[in-house]
Each structure stands twice: as C-alpha cells, then as structure tokens.
Amino acid sequence: MSEAARNRLTKGLTDLAFLILAAAIVYFALRWMTAGVEAMIDPVTPGRGESWPLWAQIAQLVYLVLASVLTIGVLSVLVFFRVPNMRDAILVPATSIALAIIVTALVIMAIGESPLQATQVMVRGAVGSGYGWGYTLFYATNFIFTGLAVAVAFHAKMFNIGGEGQAAIGGLGVAIVCLSVPWPHWSLALLAATLGAAAFGAAWAAIPAYLQAKRGSHIVITTIMFNFIASALLVYLLVNVFRVPGSMAPETARFAEPTHLPSAYDIAPWLGFRRSTPLNVSFLVAIAACVGVWLLIWKSRLGYEIRAFGHSQTGAVYAGIHPVRIIMLAMLISGGLSGMMALNAVMGEAERLVLDPVQGAGFVGIAVALMGRSHPVGVFLAALLFGMLYQGGAELEFEMPAISREMLLVIQALVILFTGALDNMVREPIERLFLRLRKGA
Amino acid sequence: MDLSTVILLLDSSVRLATPLLLACLAGLFSERAGIIDIGLEGKLLIAAFFSASAAAYTGNVWLGLLAGVAASMVFAGLHGLASITFRGNQLISGVAINFLAAGMTVVIGESWFALGGRTPQLEGAGRFHNITLPFAEAAQGVPFIGPIYHDLISGHSILVYVGFLMVPLTWWVLFRTRFGLRLRAVGENPAAVDTAGVSVVGMRFTAVLIAGVLCGIAGAYLATGLSAGFVKDMSAGRGFIALAALIFSKWRPWYALMACLLFGLLDATGSLFQNIQVAGISVPVQFMQALPYILTVVILAGFVGKAIPPKAGGTPYVKEQ
Amino acid sequence: MTETASADVPYAIELMGISKAFGPVQANKDISLQVSKGTIHGIVGENGAGKSTLMSILYGFYKADAGDIYINGQLTHIPDSQAAIRAGIGMVHQHFKLVENFTVVENVILGAEDGAMLKPSVAKARKLLKQLAEEYQLHVDPDSVIEELSVGHAQRVEILKQLYREADILILDEPTGVLTPSEANHFFRILDGLKAEGKTIVLITHKLREIMRVTDTVSVMRRGEMTDTVPTASTSPEELAEMMVGRKVLLRVDKQPAKSGKVVVDVRNLTVRDDQKVERLKDVSLSVRAGEILGIAGVAGNGQSELLKVLGGMIPATSGTIEMNGAAIDLTGKRSDGQSRRARGISHVPEDRQREGLIMPFMAWENMAFGYHNDPAYQLNRLLMDNNALKRITADKMQSYDVRPPDPMLAAKNFSGGNQQKLVVAREIERNPDLLLVGQPTRGVDIGAIEFIHKQIIALRDQGKAILLVSVELDEIFGLSDRIAVMFDGRIMGERLPDETDERELGLLMAGVSEEKGAA
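If you want it as structure tokens, here you go:
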C-alpha cells in the first residue's frame, strides 16, 4: 500500500469515527430533549374537540428550533474541520430540510395539532414495523426511479418535469409486454417489461427532447404539456382499447399469474413483511439503477459529456460534444428511468394498468432530485425519506384525521422550495460563515 | 346547429375562457418582466380556496374576492422572494408553489370545514351572480342581435366583464405608459433598466404582484362565480392552459384574448358534446381536452410562426462584475 | 489644455479614499482622484486593475466600502444610479445597456420619462434628439430599432441617452473596443466637441494610443490601486505601460528566425454565414507552414473568431476548402466537429478559456481530458474512463507547466486566470499537434504567465509545428508572428512580414483601407 493510499484510508477512518461520534451526540441530545418536551406537554394533551394550550405549542416550536440548531451546529463543526469540500453536499441540504421541517411544524400547529405527536405517528408508521417498512420501501422504489430521472436531466441542465407522463406511458409499455406474451416465468417478464417500460418512457420524452434539441422549444413547457397529453391518451386507451369487455372500470385486464413479481414476503418473510406488502423485486432494480446512474454520470464517457454540456454549452461545442446528441440521450435516459417506475407500480403492485398509475410520483422525483443534489446516493436517501413520509402520512391519516394526507404535498412543496428555489437563501449565509471561520482559523 | 345552440356554446366558452384569460394576462405581466411563472395554477387554486372560505364565513362575496386576491398575492410574493430576491430558479419556484397550493388548500380546508377538502356551498350574497345588462330584456325580441345581446353578451358575472376589460387595459398599460415601457425593458434587458436608474427588483416585484392580483381574481371567479364553492383541485390544469395560451399568443394581450377564447371554446365543446363528428370521423373527447396542449407544442416547435419569449425571461438579474 | 483648477473653481469629480472588495478580492484600495471641469481624463490599467469598478462606484452601480465622492465640490452620496443621474453623471458601459427590440427614442427616454404617459415623453425626446444630433454630430434615426443599428450607431444612442439626461460628467468604459479605427476617429471628434461644450469626460481604456490622442490628464491603475496621475502632454506610452504593469515590459519576444517547411494547413476561399445569414468570413484564403507562426491582426469582431472556430470544428463553413497536410477536411456534417479536428492533428487554445476552453466547475484532471476524453489512453474499458490514470497524467502536466497550485483535484474556477490558461495550453500543446490554433492567448493573464505562454508557443514552432495566432493585441502579433495577416469585415486585407511593416500600416489595414487596392 502506498503512503498516499494509507493516508487516505487513515483520514477516511478518522472521518467515520468523528461522524459516528457526532451522530451519537446528536442522537442522545435529541432523545433527551424529546423526552423532556414530551413529559412537559403530555399532561395537557387535549381530548376530542379541545385544543392545545398555547404554551405547549410554543414549547414544541422552541424544541424543534433548538433541535435543528443543535443538529446543524454539530454537522457544521464536523464538516468544517473534517470535510470542508462537502459543505454544499451535506450542510446546505441539511439546513434546507430543517427549514422545511420547521415550516411544516408551523402549519401543523396552525391547524391546532401537535407536530411532535404527528412526527411520532409518522416515524412509527413508516419504520416501526415490517408492515411499515414494506410500504416505505415500496414508495421509495417509485421515487428512486423518478428522482434519478430528474437528476440525469439536471446534469445536462434540463428540467424534465414530465416524469409523470413518461411514467404513465411506461406503464402502458409494461401492460403491453405483460398482456401480449404468455410469459413462462416472472424473471423473463421482468426483463422484457423493464425494456418495455424504459422504451415507452423514453419514447414519450423523445418528442420534447427533439423539439428542444432541434427547434429550441423550452423543454419545461413541452414536458408539462406532454403530461396532460399522456393522461388524455391513457384515458382514451383504457376506455376504448384496453378495457375488459363488459367491465365498466377503465383499466386493463389483470396480468397473468406468471408475470407477478415476487414480493418482499415471498423473498424474505423472516424480515417481518406481511403477505400483503407491495414491496417487490423492482426495489432491487431501483438499486441497480442507482449504481448504473452513478457509473453513467461519474465514470463513463457519456456521463462526462453530459456533465460538460450541462455546465457549458459553448464549451461542449469546443470539445466536439454534440448538443443534439447529449440532449437526446440525456432525455431518453431520463424518460426511460421515469418509465421504469411503472415496473414497481403497475407490474409489482397493481398487476394491471389503471387510470392514474403514477399518483404524483413523477413530481416527487423533482423534490427527491433537488434534495439529493442529483447524486445517486443523495437520490436514494431522499427517496427513502419521501417513502417514509408517504407511508407515515398514510398512518397519520388514521390516527390524526385532522391532518389530511395532502400535508405530504405541502412538505414536498417546502422541500422543493428550500432545496431548489431558495437555495441561495440557505447557501449564501453558510458560505459567508465558512469564509469568516476560515479567516479566524 | 341552430342559433340557440351556437349561442349556448359561445356563452359557455366565454364563461370558461374568463379564468384562463385572467390567468393568462397575469402570466403576461410576469413574463414580460422576465419572471417565468409556471405557478399560475397554484395561485388560481389558493385564490379559489380563500375566496370561497372568506365568502362562506362572511357571506359577502366581495370580501371573498379580497381574500382570494390577498392569498394569491402572498404566493406571488413568495415567487418573487425566491426568483427575484434570492435569484433562484423560477421554474422550480413555480413548481413548489403549485404543490404548496394543492396541499395547503386541502389541509386548511379539512381543518376549517371538515368537508373532505370542500368549502360549504355558497349561496346568496356569497356568490357572484350574473348581471343583466341594460335593455337586455327589451332587446331580446329583436331577431338575431337580440338573442346574442341577451344570451351571450348580457347575463355574466361582473368578473367576466372585468376579465374582458383587462385586455385593452393591459395593452394600454404595456404599450402606452411609462410603467409599461419599463416593464417590457426589464424583461428584455434588465441591465439597461438598472443603469437608467430604475430598480429592477422593484419593477419585477410589481409585475409579479400584478400577476398575483389577476390570478386572485381568476381564482375567485372559479370558486364564487363559475361554481358555488371550492372543491379540491378545482383549478384542474387551467393555470397550465393559461400558460399555453400565453405562449400561443406570443405574449401579446389581444392575441391572448383570442387564444383563451379558442381554448374556452374547446373546453365548452368537450363538455357540451360527448361525441364530435368531424368529416365523418368521431373525435374522442380526450382529444378535445388534449388539444390546447397539442396546439401549444406545435406552436413551441415553431412550425406555425415561432414564439419568441422575452429575452431575459427565466434569468435572475445579477449585476456583472 | 486646462489641467489644474484654481482655488475657487471646484473639481468636477473628486474621489477620496475609495475602497471596495468583492468577497476576498480587493478591487479598489484607498483611491483618490481629481478631475477638473471641462477636461478629458483617462484612466488606464490592465484588465482587472479595478478601473471599471471605480467608475461603477461613481455611477452608483456598486456601493463603496469606504471613501467620499465630491461632485462639483459638493459631498455627494451616490447609493444608486438614480442618484448619479441626479448629480449629472452619465456612464456608457463597455457592453451597451440598450434594449435590443426597442427603438432609439424608447431607449433614450427609458428611466427619464416625463410623466406616466409615453406620448408626451416621446414627442419631447424626438425634438431634443434632433437638437443634440446637430450639436454633437450624433446623427441616428430616432425610430430605428436598436438591433438593426451598427455598433457605432448603437454607441451614439448610448451617448445621446446620457446627454438627454443632461449629464455634465460622462464616464466612457472601453468605448472603442468594438469600433473600427475610422469609427473610433469619429468618436474622438465627438469627444472633443463634448469637451468644448464644457462636459467633463472620464475615459477608461487599456489602449495607450487613445489616451495620448484625446486626454488632458491620465491616471494609471494597477491591482486596485491608483499608481499615478500625470498630464498627458508630459508622459509617453512607454512610461504609461511601465506604470501599468509595474516594471519594464519586454515587448519583443526572444526568438530565432523561422525555419519554415511544407504547408501544413491550406485554406482556400473560405466563406461562413451565421444563423442570421450574415457573412462572417468572406472568401478567405491563407496557409500556414510547418515551423512558422502566422499572426492574424484585426479589431475584435472582424471574422478572426469565426476563422478559428471553423478550423477548430466549432462552426460549419458555408463554402471553400481546407486542406490539412494535403488532404481535405470536412467543413460540414458529423466529421467537422472538434473531435474530428483533433484526430487530424489540430489543437485549439480557444479565445475564451472560461466559456470554451475549460469547464469551470470541473476539476483540473477532468479538464485535462476535455476534448480528448475519447482518447484510448484515458479509457478503462469500452464504457468507463480511467480517472486514476487521468489524475496522474494531469499531475505531471501541471508540474511541467508550472500550474499553481499543482493540485489535480482543484476545480478550474479556483485557479487564477494565468494558471487556467496554462492548464489549457498544457493540454493542447502536450497533444503534439501539427497545427496549433491560438486565440487571445494572454487575455486577462498576468505578466509572468504571458512570458511563459509565449515561450511555449515559440518552442512548439521550433519543433516544426504550424501555429495560427489570433490576437487583438498588436504587440503580441508583432512579438510572436513570422508573418502577419490582417482581417477586416471577414476578409484578409493583406499579408505583411513583421520586419517590413509598422503599426500605422497595420492600423490602416485593420480599418479596411487597402493601399494596394488596384494591384490586388
């Protein structure tokens, strides 16, 4: 082992040790704080029709702000001293998310509920049981695909807002593959359906991509329009072409038994998944997609060209990188990834194509890509978080009916707002702080 | 088709075109000032919700209108904060605003009314009612012109007339006033405005807030004029159709009127007739619904007259060093 | 020439202790300056010396961190451009601040309208424009749209804008950078007229010739500081140049006479039309031999960029031929891109290293593969690149080209201009090309790096390679070239040998005046 490699290893291990230490500090401090607040407000928990006393609400807000400051503070120290070049990758998104959480808490308080209680319900619902994990990871699978799709386009400096439509058309591809061939085994069906989903999703992205590349039509506007066109097309096809004769429901026939993907219960019942869990093997396909995108963007020649083009179009032309080719390829890959979401939702869960197979996951992909800073690891973590939110949100609806499921849209909006549109608001103070600290040091 | 069917169709088109028109003009002000606004949909929705809620609480539709406009302006202000003050990505900000509205309306609506995201049905003074223009009754008997005046021109809510009057007003403001000159300049070359001693931030914020007001009126019309209360997701993509109309009109007020009337007509045709026969082929209703979007893509593709947006659109203004 | 104000006539402009920092960069450091009324004052300095920043502070575009501004003896607070305009200050920026699709009159009144309605403002402006045009020789049609005007006319609009605002103090930032010498001469006559009317003019430029021609007094700036202020009559270009760079400049580069060999690149009847169907290159023919440097002189925007870009595969040609080592190269289609050019032995140091030559957020090692990322030596297998090999190669090249800091993991944007350029030069020269295209190799580069880069270019020539150099700096053209071709309006105006010509002759050619019109 060379000296440089040894040094790198030593630094990596030290960083890891510091990270574990910091995580432990934050974890125990938060537990202690949470317990304190709970003990404080528990006696005044209101019954039906009553509301929280003001001081209890304020106590929760103060707790939340303090917890955020503590977490961000510890993280800042760690980043500043150990990995200062990770500032934009760790500290900025962490702060944005803390802000999104605080604003969400304010909304929950405004409708007279307890954010602390809501959080507990959500966390318990999402990761407190095998049942919860099954749904959390199922949702996360959708979001990994759509998040990666948005991320790949972001690298080429394009905003693919059409994941919703591309995934719906991807579903069409899956349905056609599953319904038209009598597959002997699910693995073959999965392989073919993956190709079908990717091809259909890519095809739906191809027209906006072509118009952007050749005619300069703004891809954001065209992909929005294509979402609506996709939804109209799907309605038409389900009502007039694919509907089972005699049935009123606008949906295709159920896919044949051999195409059903093994669920997490089939594969690993010992992990506590229930028979009804929607989590299936396409989760593994999603993880493979993460690795694939990582190799593509950071290791391959095409990824090099995509990133170069995304940073500087004039530079790309200088280097002999063809803009039309990059726009087309990046959007085809993006559309293909969006389409692959249908593997999970259409083939894995519904086992038939229904009216709105995507359920907004295409849009969640925007939040996931922004939060994950277009890096596959970040996308995976962000998708997991949104999976927890979606499953936790479903539980919340049961236990705290006053908080409706649409709270998820609010959180999604706040994440997009803080990690995307208000990025400068968060980043610039942190940059200034680091600059001042470095001068002081 | 006889005259009365045609009038019925056109009357319905006018009603359906009104929110599109107001939202489209909102987008026009914003984008002419260089701020792309894909958050029209969200502003429509939040305005619809708050106007219906305030009208339900107070029983006064004018207070409802006020609340709707105020809510829409708050969202417009947020868009301004993100895209002007913090020079963020205007498209991402617009997306966030759409989701924020979609979520907030239901979350707050459930908490206030517990009606599954609806507001209570509006009645009496809680709604904008149709007004009859002078001599409408008297003129009804006159052949041809009479029914047109009585059934098509007269008999709409006041906001419909406001919407149509906004077209010449917008044109006049943009092309005949100092404010309009500066607004157009800031969308083309903000540096020119800045060096001329006019605040770019001020101009852009004003434009964005005007967009907020117009979206507010449009949203209030949806919930208190076109229907009698708020329903979850009631904007139903109208903000995006308005955006399409804006591109279709190449960012010009009179063309915007034409585009919105066309899209209103498509909408009315789709809802009045389930099956449309064109040259012996039956056109699916889904095609009619998708037509505005398809037309916009065709326009954007530049096959039928290229749409050239304001040059500085989408780029935050940063003083160069 | 009045150059000192008597005790009772206050200075038109007096700056005291102005400082301004952008983040860690100190753009202006404790600057004081006095300009007398009715004079033309020049400010010279290299790119990045802080001239534009200082004037932007005077115009209220930036706020100074410290210091006072006196206008006509009054302490004046200038928080924004509006305040500057009120104080009678007008500024014409290097890049015009005009709304392209507005008419002249609309641009003139923008921000200075009379009342809320446009009509009366337009009528008044039309009348006043006519007067001003007669008074100052600033004729331009008030109803033409800016995008249809020539650069010279657009500049007149900018000046009219300031006069319409009744500016008494005019700041002109690099006003002649885009003008031909004849346009520039007309422009200087306008300045003389303005001075005669009692206007005070501050002229920012890095062209010493202009300073000598038109100013009364001149200040020199270097690295954010004001070095000196002297009456123009008592100084010389050499002295000013020395003050600008802080030491004696070697205007001549040490080199042996060229030992030129066979023709490497042969360009015949090359014509380029851009997207707007404007002819940027008109029937250009030239050739470069092995072991020689052909310098292309000309005012920016006369087709030099397009020539480089066609040769470098960045834009297609409309007609004509290019032969490289005796074989034609494609001028349109798939095989006319940068990659194909590189495969044919053409390397390219582009004019704009920040927008073209480098990807600023990419690390140095990523940039080292830029344009050559398909090179088999950089590949791990058919799909993936060998990033570790690239890092090693980059570290070596950074060492031999003295790039500081020599850290392959640092992003390009974190290097200084000179070190960025060294990265590009290292990448392109190390490919051992048959033909090196070089555009503005030392723009915005510090003196030390200039010498280094010049030496590298000469060394490549001495290895028997062909070099095509484009530069707007005549000194650089004279210093490096073995032959000089002058371009004007997309044409080659003529070719000269550096020993048999002078700046005056080249200047005439650059202005489109050909002395051998009948003969050629």
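Chains as they are written, first to last, in this note's numbering: chain A, 28 to 468; chain B, 1300 to 1620; chain C, 4 to 523.
Positions of the beta carbon are idealized from the N, C-alpha and C atoms, including for glycine.
These figures come from a predicted structure and were not determined experimentally.
Can you give the beta carbon distance from residue i to residue j, rounded, assuming they're within the 8 Å contact cut?
i, j, result
"A:Glu65", "A:Leu133", "In fact, because the Cβ distance is near 20 Å, the residues do not count as touching under 8 Å."
"C:Ile2", "C:Ile16", "Because chain C spans 4 through 523 in this model, residue 2 of chain C falls outside it and cannot be assessed."
"B:Lys1531", "B:Arg1417", "7 Å"
"C:Thr203", "C:Val38", "6 Å"
"C:Pro501", "C:Ser474", "With a Cβ gap of about 13 Å, C:Pro501 and C:Ser474 do not count as contacting."
"A:Ala346", "C:Phe373", "5 Å"
Could you name the residues of chain C that residue i contacts, counting a contact when the two beta carbons are closer than 8 Å?
i, result
"B:Glu1487", "Val102, Glu103, Asn104, Phe105"
In the DSSP assignment, the beta strand (DSSP E) including residue i goes from what residue to what residue?
i, result
"C:Phe491", "486–491"
"C:Gln466", "First-last for C:Gln466: undefined, no H or E at that position."
"C:Ser222", "220–225"
"A:His338", "First-last for A:His338: 328–338, but that is the alpha helix (DSSP H), not the beta strand (DSSP E)."
"C:Gly70", "69–74"
"B:Ile1607", "Note, B:Ile1607: premise wrong, no beta strand (DSSP E); not H, not E."
"A:Asn254", "Careful: A:Asn254 lies outside any beta strand (DSSP E), inside the alpha helix (DSSP H) at 246–267."
"A:Pro403", "Not the beta strand (DSSP E): A:Pro403 falls in the alpha helix (DSSP H), residues 403–426."
"C:Leu273", "266–276"
"C:Asp33", "28–38"
"C:Val233", "228–234"
"C:Gly442", "438–442"
Residue i versus chain C: which residues are under 7 Å apart at the beta carbon?
i, result
"A:Thr125", "Just to set this straight, residue 125 of chain A is Ala in the shown sequence, not Thr. Simply none; closest approach about 26 Å."
"A:Arg328", "His376, Asn377, Met388"
"A:Val391", "Those do not exist, as A:Val391 stays about 27 Å from chain C at its closest Cβ, beyond 7 Å."
Return yes when the Cβ of residue j is within less than 9 Å of the Cβ of residue i, no when it is not.
i, j, result
"C:Val217", "C:Asp231", "no"
"B:Leu1525", "B:Leu1324", "no"
"C:His209", "C:Val47", "yes"
"A:Ile360", "A:Val179", "yes"
"C:Val107", "C:Val143", "yes"
"C:Thr56", "C:Lys100", "no"
"C:Asn305", "C:Gly497", "no"
"B:Leu1320", "B:Ala1555", "yes"
"A:Leu382", "A:Pro305", "no"
"C:Ile495", "C:Leu509", "no"
"B:Val1441", "B:Arg1314", "no"
"C:Leu284", "C:Glu245", "no"
"B:Ala1522", "B:Phe1398", "no"
"B:Ala1558", "B:Leu1571", "no"
Below 7 Å on C-beta distance, what does residue i contact in chain B?
i, result
"C:Gln85", "Gly1496"
"A:Met452", "Phe1385"
"A:Arg242", "Ala1600, Gly1601"
List the residues of chain A whose Cβ lies closer than 8 Å to the Cβ of residue i, in chain order.
i, result
"B:Pro1583", "Tyr263, Asn267"
Residue range of the alpha helix (DSSP H) that residue i falls in?
i, result
"C:Phe99", "Looking at the DSSP string, C:Phe99 is not in any alpha helix (DSSP H), and its letter there is neither H nor E."
"C:Phe105", "C:Phe105 -> no alpha helix (DSSP H), and no H or E assigned at all."
"A:Asp450", "450–467"
"B:Gly1511", "1499–1520"
Kindly list, in the order they appear in chain B, the residues whose Cβ is closer than 9 Å to that of residue i.
i, result
"A:His287", "Going along chain B, no residue has its Cβ under 9 Å from A:His287, so there is no contact; the nearest lies around 30 Å."
Who are the neighbours of residue i on chain A, taking C-beta pairs under 9 Å?
i, result
"C:Ile332", "None at all; the shortest Cβ gap to chain A is about 13 Å."
"B:Val1596", "Ile234, Pro235, Leu238, Ser244, Ile248, Thr249, Met252, Phe253, Ile256"
Residue i touches chain B at which residues, Cβ-Cβ below 8 Å?
i, result
"A:Val437", "Phe1398, Leu1399, Gly1402, Met1403, Val1406"
"C:Phe64", "Asp1493, Thr1494, Lys1618"
>> Report the start-end ranges of each alpha helix (DSSP H) in the region 1404–1475 of chain B that is 4 residues or longer and not cut off at the edges.
In response: 1435–1438, 1457–1475
> If you scan the region 148–201 of chain C from start to end, which runs of the alpha helix (DSSP H) of 4 or more residues do you find wholly inside it?
Replying inline: 154–167, 184–199
> If you scan the region 309–393 of chain C from start to end, which runs of the alpha helix (DSSP H) of 4 or more residues do you find wholly inside it?
Replying inline: 341–346, 367–371
> Counting only runs that start and end within the region 113–152 of chain A, where is the alpha helix (DSSP H) found for 4 or more residues in a row?
Replying inline: 119–137
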